[in-house]
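What follows is a short report on a single structure.
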Amino acid sequence: MPFNPHTESDVAEMLASIGAPSLAALFDEIPAELNCGGLASIPEGMSEMAVSRLMQNRAAQDGFYSTFIGAGAYEHHIPAAVWQIVGRGEFYSAYTPYQAEASQGTLQLLWEYQSMMTSLTGLDVSNASLYDGASAVAEAILMAVRANKANVRRVLVPATLHPRYRAVAEATVRNQGIEMVSVPWCTECGHTIPASLERYAAETAAALVIPQPNFFGVLEPVDALTDWAHAHNMLAIAVVNPLALALLKPPGQWGNKGADICVGDGQPLGAPLSSGGPYFGFMTAKQALVRQMPGRIVGRTLDADGNPGFALTLQAREQHIRRAKATSNICSNQGLLVTAATIHMALLGPEGLKNVALASHANTRALVERLTAIAGVERVFTGPAFHETVIRVNAPVADVLRALRAQGILGGYDLGADYPELKDCILVCATETKTDEDLAAYAQQLERILSRRREAPPCAYK
Amino acid sequence: MLIFEHSRPGRRAFAQAPVSAPAAADLPADQLRALPPLLPECSELDVVRHYTGLSRKNFSIDTQFYPLGSCTMKYNPRACNTLAMLPQFLARHPLADVETGQGFLASMHELQEMLKEVTGMAAVCLAPMAGAHGEFAGVAMIRAYHDARGDAARTEIIVPDAAHGTNPATATMCGYAVKEIPTDRDGNVDLDALRAAVGPQTAGIMLTNPSTLGVFEPAIGEIQKIVHQAGGLTYYDGANLNAILGRVRPGDMGFDVIHMNLHKTFSTPHGGGGPGAGPVGVSERLRPYLPIPYVLEENGAYRWAEEADCPHSIGRMSAFGGNMGVLMRAFIYARMLGRDGMHRVAEYAALNANYLAAELKKAGFDLAFPQRRASHEFIVTLKKLKDETGVSAMDFAKRLLDYGFHAPTTYFPMLVPECLLIEPTETESKATLDAFVAAMVAVKREAEGNAERVKTAPHTLPARRMDDVKAARELDLAWKPG
Chain A
2 MPFNPHTESD
12 VAEMLASIGA
22 PSLAALFDEI
32 PAELNCGGLA
42 SIPEGMSEMA
52 VSRLMQNRAA
62 QDGFYSTFIG
72 AGAYEHHIPA
82 AVWQIVGRGE
92 FYSAYTPYQA
102 EASQGTLQLL
112 WEYQSMMTSL
122 TGLDVSNASL
132 YDGASAVAEA
142 ILMAVRANKA
152 NVRRVLVPAT
162 LHPRYRAVAE
172 ATVRNQGIEM
182 VSVPWCTECG
192 HTIPASLERY
202 AAETAAALVI
212 PQPNFFGVLE
222 PVDALTDWAH
232 AHNMLAIAVV
242 NPLALALLKP
252 PGQWGNKGAD
262 ICVGDGQPLG
272 APLSSGGPYF
282 GFMTAKQALV
292 RQMPGRIVGR
302 TLDADGNPGF
312 ALTLQAREQH
322 IRRAKATSNI
332 CSNQGLLVTA
342 ATIHMALLGP
352 EGLKNVALAS
362 HANTRALVER
372 LTAIAGVERV
382 FTGPAFHETV
392 IRVNAPVADV
402 LRALRAQGIL
412 GGYDLGADYP
422 ELKDCILVCA
432 TETKTDEDLA
442 AYAQQLERIL
452 SRRREAPPCA
462 YK
Chain B
141 MLIFEHSRPG
151 RRAFAQAPVS
161 APAAADLPAD
171 QLRALPPLLP
181 ECSELDVVRH
191 YTGLSRKNFS
201 IDTQFYPLGS
211 CTMKYNPRAC
221 NTLAMLPQFL
231 ARHPLADVET
241 GQGFLASMHE
251 LQEMLKEVTG
261 MAAVCLAPMA
271 GAHGEFAGVA
281 MIRAYHDARG
291 DAARTEIIVP
301 DAAHGTNPAT
311 ATMCGYAVKE
321 IPTDRDGNVD
331 LDALRAAVGP
341 QTAGIMLTNP
351 STLGVFEPAI
361 GEIQKIVHQA
371 GGLTYYDGAN
381 LNAILGRVRP
391 GDMGFDVIHM
401 NLHKTFSTPH
411 GGGGPGAGPV
421 GVSERLRPYL
431 PIPYVLEENG
441 AYRWAEEADC
451 PHSIGRMSAF
461 GGNMGVLMRA
471 FIYARMLGRD
481 GMHRVAEYAA
491 LNANYLAAEL
501 KKAGFDLAFP
511 QRRASHEFIV
521 TLKKLKDETG
531 VSAMDFAKRL
541 LDYGFHAPTT
551 YFPMLVPECL
561 LIEPTETESK
571 ATLDAFVAAM
581 VAVKREAEGN
591 AERVKTAPHT
601 LPARRMDDVK
611 AARELDLAWK
621 PG
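From first to last, the protein sequence lines stand for chains A and B. Take any residue in the first sequence, count from 1 to its spot, add 1: that is its number in our numbering. Take any residue in the second sequence, count from 1 to its spot, add 140: that is its number in our numbering.
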């Protein structure tokens with residue numbers, strides 16, 4: 002039997018101890034008419050060897066591509082040690098650390114993670130993770146509304162925030178009657194203009210969301226936006242790429258008073274792309290907001306012998322204690338991904354992480370230089386960019402990307418569906434994993450595709 | 141020792157790449173960071189040794205038995221991890237065209253189909269990233285259903301008092317008020333209280349079955365009828381699906397929506413707190429409201445159903461569609477089990493639970509519901525021991541740690557005083573269960589003879605009992621250089 006260790010004599014002895022005639026008798030309190038009589042459409046079980054062959058075939062079918070897509074998930078080198086340690090059974094198969102004495106390993110690691118994240122974001126307190134960056138934005142909005150003493154149920158959200166993040170936040174917060182007001186952006190520079198917010202000055206809102214970098218890879222004027230939010234009695238919610246913070250000013254130092262809450266997706270810190278997950282959401286905040294935070298938090302304390310140790314704390318915020326009055330319904334978080342991120346950050350250190358950020362920035366610049374040297378390709382926004390940039394091509398984007406894919410290159414993210422005004426635009430990203438040869442190959446193929454298009458009818462550009 | 145205390149200026153790990161990079165001269169100076177973050181500067185061996193050392197301070201399924209009620213801590217097969225982490229799966233970008241992921245999407249589609257079959261529901265979406273996230277999706281769909289009918293008067297969700305805390309917390313997150321109903325002395329929902337609670341204000345009920353008291357609700361059909369007749373919908377909390385896998389199906393019981401905890405029933409790792417996966421299954425009437433994305437199959441090709449396919453969807457749960465790597469592990473596990481293996485999950489989970497309950501009863505422990513058959517878990521109450529010796533369920537649980545067993549769930553459900561909620565799962569052997577009974581007996585004897593020894597436990601772990609009051613009053617949540 003797959004994973005049941007029982008021998009026939011075990012079963013007989015156990016049934017005798019229970020006083021039950023058969024395994025079926027153990028279900029005698031379930032109304033007989035409910036018995037489903039089997040799971041006809043479930044396939045026969047497979048041996049480990051057979052399922053290995055199946056999955057290897059499927060993996061081979063999917064293959065490898067040279068990826069220049071970012072848009073919220075980024076290919077980075079992950080040191081081999083990270084997932085080897087994460088895969089140790091003592092981390093992999095451990096439960097949530099409610100029993101502190103039997104979980105000091107996980108608890109200390111989470112506390113070290115909280116320490117790293119507070120320093121990276123320049124804020125006071127961190128939780129031990131949320132599901133992903135998008136759901137973390139939703140939780141930050143709920144938190145800002147809870148913290149608003151006048152019960153204002155409106156937040157300002159720039160259209161430069163990741164469209165999927167906006168969709169997730171909307172699907173979450175509308176159930177509590179919270180309105181998300183979309184703030185427009187400057188189509189020339191590619192970011193939000195602080196002066197354009199004045200039209201919202203009269204409407205009260207609980208918070209202003211500030212993405213950094215924004216979905217287009219462009220840096221937002223975070224100091225001015227943060228100060229504007231505070232001047233209008235709003236909290237400033239930073240939504241950041243944590244890798245960028247090795248290079249960029251931490252949200253805790255934005256403007257005169259700093260952002261109040263910072264969230265984002267931790268994927269760039271040691272999580273493989275993996276078709277979208279599991280990643281993890283992170284959240285840090287100013288001390289004054291700690292009791293409004295959702296999710297688990299680890300504190301350092303002393304044990305009965307007076308030795309320092311770690312335990313989950315402020316649990317009165319959480320669903321298992323507070324039930325209907327909890328700050329969130331979240332229970333399971335993304336602990337194992339946080340384990341990876343902590344080991345990843347410890348291996349990279351401040352210099353290593355900054356080098357990854359700088360190299361990704363430099364590679365994207367180099368790529369964009371190569372691409373915009375091609376006739377019919379231009380850079381779209383004037384604003385400074387981190388490691389993603391929007392380019393415009395003088396051909397249908399879907400066709401261009403399909404032709405690149407046929408050459409083993411995933412050329413970027415087609416912006417047309419989310420931003421109709423950018424229907425001929427591609428968001429490109431080249432992280433530190435890309436070599437000059439990779440960039441040259443992309444440019445060479447794009448040039449070939451666009452020039453063929455000029456010379457031949459569309460059906461020829463394969 | 142903290143990782144920060146291993147740090148030395150200028151020390152580096154070889155695995156870093158790149159080792160240098162040009163400055164970002166084009167970025168405005170006022171956007172740049174002035175001081176580096178306080179990350180440690182360590183060698184690779186420093187880091188590997190530090191975190192390997194920390195791992196050894198943990199209990200885990202791979203090292204200890206976890207009779208942890210309501211958490212289904214079964215063995216996590218290693219093949220699931222190895223195969224879900226094949227390099228092509230890890231390298232695939234979530235926004236890559238579906239043509240580059242047909243092998244991956246086929247696996248997700250087959251998982252959806254298998255989950256439909258085991259739950260008896262009309263459709264399944266894999267997107268929710270944890271049980272509570274699945275609960276949110278389910279209740280949001282109930283809300284969308286009533287909203288679509290213009291039925292705005294339905295403002296309450298009914299939740300039995302034995303429910304997990306996530307149930308009432310979820311109802312609140314979806315903008316509903318919570319109406320709690322009591323449990324009768326046999327551990328069942330109090331039907332009279334339910335009849336009195338329903339009305340035109342009832343949006344639905346959230347019901348865990350088998351309940352957190354470890355018993356199957358025999359009046360499940362009646363409960364479903366009472367709520368439906370009042371115009372409410374029925375939510376099946378699948379936290380305890382392990383107990384019924386392959387025997388009964390929530391869809392056949394007439395339920396409208398269920399979430400499953402794949403990190404329980406489908407054996408994906410708990411990972412020290414996550415990631416989980418909480419797919420939702422729905423009846424035909426809730427199908428239009430399913431969250432997106434889910435996998436569609438069209439003539440042997442797979443693609444995601446997105447906004448344009450699902451105009452009535454409650455929307456997206458995550459940026460990219462869920463905890464794919466977790467779902468892959470669940471898929472591989474399901475394929476290894478197959479039809480027969482799934483039947484055996486519930487049978488052997490029930491065998492282990494009922495055997496353990498019988499042996500503990502023989503050894504002098506009080507079961508909370510001795511008149512009932514245990515499902516996959518059961519409750520021991522230590523009230524008598526507490527009254528006689530002052531040893532609480534918490535003390536007892538802490539002393540079990542010294543004997544090498546993870547503590548059962550304590551003080552949940554709150555209805556039973558000094559309770560231990562015990563769930564052995566189907567992957568434990570009789571020998572392990574016998575050793576656990578022996579440890580329970582030994583701790584009980586200690587409590588009767590030397591209560592202080594139990595009250596001050598644990599004694600042999602890497603740490604003694606933590607000062608939780610100090611932790612909450614003098615918050616120390618992050619390292620600061622001395």
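Where a beta carbon is used, it is the ideal one built from N, C-alpha and C, also for glycine.
Out of curiosity, what's the CA-to-CA distance linking residue 177 of chain B and residue 257 of chain A?
20 Å
Give the list of continuous beta strand (DSSP E) stretches no shorter than 3 residues that lie fully inside the region 362-407 of chain B.
373-378, 397-400
If we cut at 8 Å on Cβ distances, does residue 478 of chain B have a partner in chain A?
yes
Please list, in chain order, the residues of the region 392-423 of chain A that have any C-beta partner in chain B closer than 7 Å.
406, 411, 414
So if I threshold CB-CB distances at 8 Å, which residues from the region 546-576 of chain B count as touching chain A?
546, 547, 552, 566, 567, 568, 569, 570
Residues bridged to residue 323 of chain B (per DSSP):
B:329
Rounded to whole angstroms, what is the Cα-Cα separation between residue 462 of chain A and residue 450 of chain A?
Because residue 462 of chain A sits at a pLDDT of 48, beneath the cut-off of 50, its placement in the model cannot be relied upon, and the following sentence gives the value as read from the coordinates. Their Cα atoms are separated by approximately 6 Å.
Would you please verify whether the beta carbon of residue 132 of chain A is less than 8 Å from any beta carbon of chain B?
yes
Residue 265 of chain B - partner residues in DSSP beta bridges
B:420
In the DSSP assignment, what residue or residues form a beta bridge with residue 534 of chain B?
Residue 534 of chain B pairs with nothing; no bridge assigned.
Determine, using beta carbons only, whether residue 183 of chain A comes closer than 8 Å to chain B.
no
What residue range does the alpha helix (DSSP H) around residue 15 of chain A cover?
9-19
Three-way DSSP call (helix, strand, coil) for residue 241 of chain B in this model
helix
Among A:341, A:281, A:319, which has the Cα closest to the Cα of residue 305 of chain B?
A:319
Would you please state the rounded distance, in angstroms, between the beta carbons of residue 458 of chain B and residue 132 of chain A? I believe it to be under 8 Å.
6 Å
Between the alpha carbons of residue 355 of chain B and residue 373 of chain B, how many angstroms are there, rounded?
23 Å
Taking 8 Å as the CB-CB cut-off, is residue 416 of chain B touching chain A?
yes
Is residue 154 of chain B helix, strand or coil by DSSP?
coil
I'd like to know whether the C-beta of residue 271 of chain B is nearer than 8 Å to at least one C-beta of chain A.
yes
Count the other CB atoms within 10 Å of the CB of residue 50 of chain A; is the residue buried (16 or more) or exposed (fewer)?
exposed
Under 8 Å from the C-beta of residue 472 of chain B: neighbouring residues of chain A
52, 56
Go through its chain and collect everything with a Cβ distance to residue 370 of chain B's Cβ below 8 Å, but skip five positions before and after it.
338, 339, 340, 342
What does the alpha-carbon distance come out to for the pair residue 266 of chain B and residue 314 of chain A?
31 Å
Which residue from B:508, B:585, B:575, B:330 puts its Cα closest to that of residue 362 of chain B?
B:330
If we call anything under 8 Å between Cβ atoms a contact, is residue 243 of chain A one with residue 270 of chain A?
yes
Going straight from the alpha carbon of residue 211 of chain B to that of residue 404 of chain B, what length do you get?
6 Å
With contact counted as at least three CB pairs below 8 Å, one residue from each stretch, are the region 557-568 of chain B and the region 210-228 of chain B in contact?
yes
Residues of the region 303-318 of chain B whose Cβ lies closer than 9 Å to any Cβ of chain A, in chain order
303, 304, 305, 306, 307, 308, 309, 310, 311, 312, 313, 314, 315, 316, 317, 318
Can you tell me whether residue 210 of chain A is helix, strand or coil according to DSSP?
strand
Please confirm whether residue 244 of chain B has its beta-carbon closer than 8 Å to some beta-carbon of chain A.
yes
Residue 195 of chain B beta carbon less than 8 Å from that of residue 301 of chain A
no
With a cut-off of 8 Å on the beta carbons, I'd call residue 414 of chain A and residue 427 of chain A a contact; round off their distance for me.
7 Å
Pair within 8 Å by beta-carbon distance, residue 329 of chain A and residue 295 of chain A
yes
State the DSSP-derived secondary structure class of residue 302 of chain A, mapped to helix, strand or coil.
strand
Grouping DSSP H, G and I as helix and E and B as strand, with all else coil, what is residue 337 of chain A?
helix
At the level of alpha carbons, what is the spacing between residue 28 of chain A and residue 38 of chain A?
13 Å
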